[in-house]
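Numbering (the working numbering), first residue to last: 6 to 242.
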Amino acid sequence: MSNTPTPHIEAKPGDIAKTVLMPGDPLRAKFIAETYLENPVCFNTVRNMFGFTGTYKGCPVSVMGSGMGMPSIGIYSYELYHFYEVETIIRVGTAGGLGKNVKLRDVVIGMGACTNSHYAAQYQLPGTIAPIADFDLVRRAVEIAESKGIRPVVGNLLSSDTFYNADTQAAAKWRDMGVLAIEMESAALYLNAIQAGKKALCICTISDHIFTGEALPSMDRQVSFREMMEIALELAK
Ligand code: HPA
């Protein structure tokens with residue numbers, strides 16, 4: 006593995022588990038490692054994009070921040086898949102609710118990720134590609150959620166290049182096409198996984214609602230965060 010360390014990850018070969026959980030916030034990665042993993046060891050501090058490897062119920066699992074947006078998760082997931090032999094990346098994040106039946110606190114499993122970004126243009130395909138999650142991860146995530154009494158919402162996300170969008174009609178158009186929630190990373194993650202022949206899934210909790218303007222108080226965020234993490238950790242082991 007002559008490509009390691011990479012420009013963005015200082016880990017040595019073997020420092021990173023085959024499965025990586027990716028929250029957007031590197032401090033959230035540190036919190037997850039310290040709260041849920043046994044014996045976490047930090048493998049990256051470059052740009053403060055912290056990454057840790059530990060075990061969950063005896064199985065090696067890593068957790069690393071992705072940063073915000075597709076360029077950022079695009080870099081980290083590419084390097085993990087191609088240079089650190091990572092097989093599976095599970096994004097754990099928050100999203101803004103779009104769908105009529107999507108409520109605050111819901112856990113959304115991103116079967117697919119629509120996007121307004123040109124990330125896929127690099128592949129020069131003679132058409133458009135549908136960025137989709139790994140089917141086995143989708144199925145197992147649903148099974149794990151249901152076994153815990155959690156009813157996830159499963160379907161399309163929108164991975165947006167903008168958090169503040171000058172086009173105020175855009176969100177309603179995506180909602181009317183059945184898109185459940187808006188976030189900013191999954192499409193790039195799914196495309197990188199597909200191109201590398203690897204696996205990816207995004208699990209989100211709804212932290213705010215685009216049309217009602219509601220937002221979760223911080224205590225409630227922690228409950229839905231815990232549900233999402235319980236699903237992701239069981240999936241990772
Ligand atoms: N837009 C984009 N990303 C988000 C949002 C949002 O409203 N909420 C949480 N992540």
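Just so you know, even glycine gets a beta-carbon here, dropped at the ideal spot from N, CA and C.
Closer than 8 Å to some heavy atom of the ligand HPA: that does not describe the Cβ of G59. Restricted to the stretch 99 to 186, the beta strand (DSSP E) segments that are unbroken, complete and at least 3 residues in length are 112 to 120, 158 to 164, listed in chain order. Here the distance from the Cβ of F168 to the nearest heavy atom of the ligand HPA is below 8 Å. In chain order, A38, P45, C47, V68 place their CB closer than 6 Å to the CB of F57, counting only its own chain and leaving out the 5 sequence neighbours on each side. Close CB contacts of A16 within its chain, under the 6 Å cut and outside five residues either way in sequence, are with F48, N49 (chain order). In this structure the stretch 59 to 74 lies against the stretch 232 to 241, because at least three pairs of beta carbons, one per stretch, are closer than 8 Å.
For F57, the secondary structure class from DSSP, reduced to helix, strand or coil, is strand. Per DSSP, reduced to three states, the secondary structure at H214 is strand. K203 counts as buried, since at least 16 other C-beta atoms from the protein chains shown sit within 10 angstroms of its C-beta. Under DSSP, the beta-bridge partners assigned to K204 are T93. Its chain contains G117 as the residues whose beta carbon lies nearer than 7 Å to that of A135, once the 5 sequence neighbours on both sides are disregarded; these appear in chain order.
Screening all residues for a C-beta within a distance smaller than 6 Å of any heavy atom in the ligand HPA leaves T99, A100, G101, S165, F168, I187, E188, M189, S212, D213, I215, in chain order.
Residue burial annotation: D172 is exposed, with fewer than 16 other C-beta atoms found within 10 angstroms of its C-beta. Judged by their CB atoms, G115 and G72 are not nearer to each other than the 9 Å cut-off. Rounded to the nearest angstrom, the gap between the Cα atoms of H13 and R52 is 8 Å. DSSP places S229 within a helical segment (H, G or I) once states are collapsed to three.
Proximity to R231 across F216, L221, A220, T210 peaks at T210, based on C-alpha coordinates. Taking the Cα positions, E188 is about 6 Å away from L163. Annotation for W179: L103, C119, L163, I187 place their beta carbon closer than 8 Å to its own, counting only its chain and skipping 5 residues before and after. In the DSSP annotation of this structure, E190 is not part of any beta strand (DSSP E), being labelled neither H nor E. Within a 10 Å sphere around the beta-carbon of N197 sit 16 or more other beta-carbons, which makes this residue buried. Buried is the label assigned to S77, since at least 16 other Cβ atoms lie within 10 Å of its Cβ. Cβ-Cβ distances below 7 Å link A201 to Y86, H87 in the same chain, with the five nearest sequence neighbours on each side left out; the list follows chain order.
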